[in-house]
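I have placed the structure first, in the form of structure tokens, so that the comments after it can refer back to it.
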Amino acid sequence: MCGIVGAVGINLDFVSLDKSVKLLQHRGPDANGKWRSSNCWLGHTRLSILDLNERSNQPFTDYVDDCALVFNGEIYNFIELKNTLLKDGISFRTNSDTEVILHSWRKWGNECFGKFKGMFALAIWNPTKNELTLARDRFGEKPLYYTKTANNQFFFSSEFRTTIHISNQNQICLSGLNDFLFFNYIASPNSLIK
């Protein structure tokens, strides 16, 4: 289990964001990392399973186009995908499924998520397009929470409490709470927090 957290927007509070990685430390005690650009910040806590070398730590970036990736989960068919990418002349510097994700996304775009067999939640920042891509496995086995604030800042995390912490969104949505107490789940479009 790893933890991912991130934010996109102008005037981000990088000090508060840096502290949010500590809130996820229990999800990945082996390593943690932070990456930022002028309007994007990504954080990660790692539980090392594949490619124990620190070269596979996240946020993961490479030399091609400065895209940055944070990822929680495991891609079971990453070796098969890697072999396909190697045949297309793509070179790798790690033995991790993380790097396979990034190269797959570059090659196939968002269609790559349909090729992944596994459990995952991830975020990829593309600085060229100034665009964030979030994706989660089909069954939602790996958690991914997100919120957008009134000042157009966007936050996401592996844990609900971290999303609340970094976004300062903490007003309870009474209709969402009512749904939870009555039905034991929250119907769309509500959540527990406004």
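Residues in the sequence shown are numbered from 1 upward in steps of one, following the working numbering. Yeah, the Cβ is synthetic: ideal placement off N, Cα and C, and Gly gets one too.
| request: Could you check which residue in Phe180, Val15, His44, Asn32 has the C-alpha nearest to that of serine 157? | output: Counting from 1 along the sequence shown, the entry for residue 157 is found at position 157. Restricting attention to Phe180, Val15, His44, Asn32, the CA atom closest to the CA of serine 157 is found in His44.
| request: Consult DSSP for glycine 9 and reduce its assignment to one of helix, strand or coil. | output: By 1-based counting over the sequence shown, the position of residue 9 is 9. When secondary structure is reduced to three states using DSSP, glycine 9 falls in the coil class, being assigned neither helix nor strand.
| Whose C-alpha, out of Lys194, Ile186, Asn168, Ile193, is nearest the C-alpha of leucine 17? | Locating residue 17 in the sequence shown gives position 17, counting from the first residue. Here the closest residue by C-alpha is Asn168.
| Cβ distance (whole Å) where lysine 194 is taken to contact cysteine 173 below 8 Å | In the sequence shown, counting from the first residue as 1, residue 194 sits at position 194. In the sequence shown, counting from the first residue as 1, residue 173 sits at position 173. Contact between lysine 194 and cysteine 173 holds: CB atoms are separated by about 5 Å, below the 8 Å threshold.
| In whole angstroms, what is the alpha-carbon distance linking aspartate 137 and phenylalanine 116? | Looking up residue 137 in the sequence shown gives position 137. Looking up residue 116 in the sequence shown gives position 116. Cα-Cα distance, rounded: 8 Å.
| request: Could you say which of Ser96, Thr61, Lys82, Ala187 lies nearest to glutamate 74 if we only look at CA atoms? | output: For the purposes of this step, residue 74 is identified with residue 74 of the sequence shown, where counting begins at 1. Of Ser96, Thr61, Lys82, Ala187, the residue nearest in Cα terms is Ser96.
| message | Taking the beta carbon of serine 91 as the centre, do at least 16 other beta carbons fall within 10 Å, making it buried, or is it exposed? | response | Start at 1 with the first residue of the sequence shown, and residue 91 comes out as number 91. Burial state of serine 91 is exposed, judged by a 10 Å Cβ sphere holding fewer than 16 other Cβ atoms.
| request: Can you tell me the Cβ-Cβ gap for methionine 64 and phenylalanine 154, rounded? I've got them flagged as a contact below 8 Å. | output: As a first step, residue 64 is located in the sequence shown; it is residue number 64 there, counting from the start. As a first step, residue 154 is located in the sequence shown; it is residue number 154 there, counting from the start. According to the sequence shown, residue 64 is valine rather than methionine. Not confirmed; about 25 Å, so no contact.
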